[in-house]
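Under this note's numbering, the residues of the sequence shown are numbered 252 to 379, in order. Positions of the beta carbon are idealized from the N, C-alpha and C atoms, including for glycine. Report on one structure; see the data block that follows.
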Amino acid sequence: NFSATIRSEPSNANLHKWSGELVRGQNSQIVNINQLLLRGCILKNTAYCFGVVVFTGHNTKVMRNSRNPVQKMSNVLKVMNKLLYGVFAFQAVICITFAISNIVWTNDNEKHDYLDISSATVGDFLIQ
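See the structure below:
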């Protein structure tokens with residue numbers, strides 16, 4: 252039955268430095284990076300080993316040292332994105348142009364006798 256306590260420095264991203272103290276009863280042993288196996292390491296040619304987990308999850312040295320993966324995009328996807336931006340810009344230009352043209356035309360041609368919309372309701376307008 253093995254029972255001990257480990258006191259160590261807080262988790263950090265430095266992969267080459269770690270120190271702690273293994274306390275078992277009245278005895279204490281200083282431990283350092285040489286006694287620490289990082290996540291993903293493999294121990295070979297060893298008859299037996301006692302192990303304890305010091306940091307878990309995102310607190311491990313390897314996880315704190317890692318970065319987000321780079322977004323990979325193919326050349327075809329980059330070209331398609333540029334084309335879509337161009338299409339959206341072209342549609343916006345067309346909408347703005349025709350909106351301005353409608354305002355100008357409506358101001359120049361105020362009288363539309365052929366529509367007879369001065370006294371018409373919405374229903375009458377749709378039936379015409």
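Legend entry - Cβ separation of W269 and L287, assumed to be a contact under 8 angstroms, to the nearest whole Å: If you number the sequence shown from 1, residue 269 lands on position 18. If you number the sequence shown from 1, residue 287 lands on position 36. Taking the Cβ atoms as the reference, W269 lies roughly 5 angstroms from L287, within the contact range of under 8 angstroms.
Practice task
Quick one: give me the first and last residue of the beta strand (DSSP E) that V355 is part of.
Solution key: To locate residue 355, count along the sequence shown from 1; it is residue 104. That residue, V355, is in no beta strand (DSSP E); its alpha helix (DSSP H) goes 326-359.
- Query: If we count the other Cβ atoms within 10 Å of its Cβ and call it buried at 16 or more, is K333 buried or exposed?
  - Reply: The residue given as residue 333 occupies position 82 in the sequence shown. Exposed: under 16 other Cβ atoms inside 10 Å.
When the distance is taken between beta carbons, is N316 closer than 8 angstroms to A264? Here residue 264 refers to the residue found at position 13 of the sequence shown. Here residue 316 refers to the residue found at position 65 of the sequence shown. Yes, these two residues count as a Cβ contact at 8 angstroms.
**Asked** Grouping DSSP H, G and I as helix and E and B as strand, with all else coil, what is V303?
**Response** Working through the sequence shown from its first residue, we reach residue 303 at position 52. Note: V303 maps to coil in three-state DSSP.
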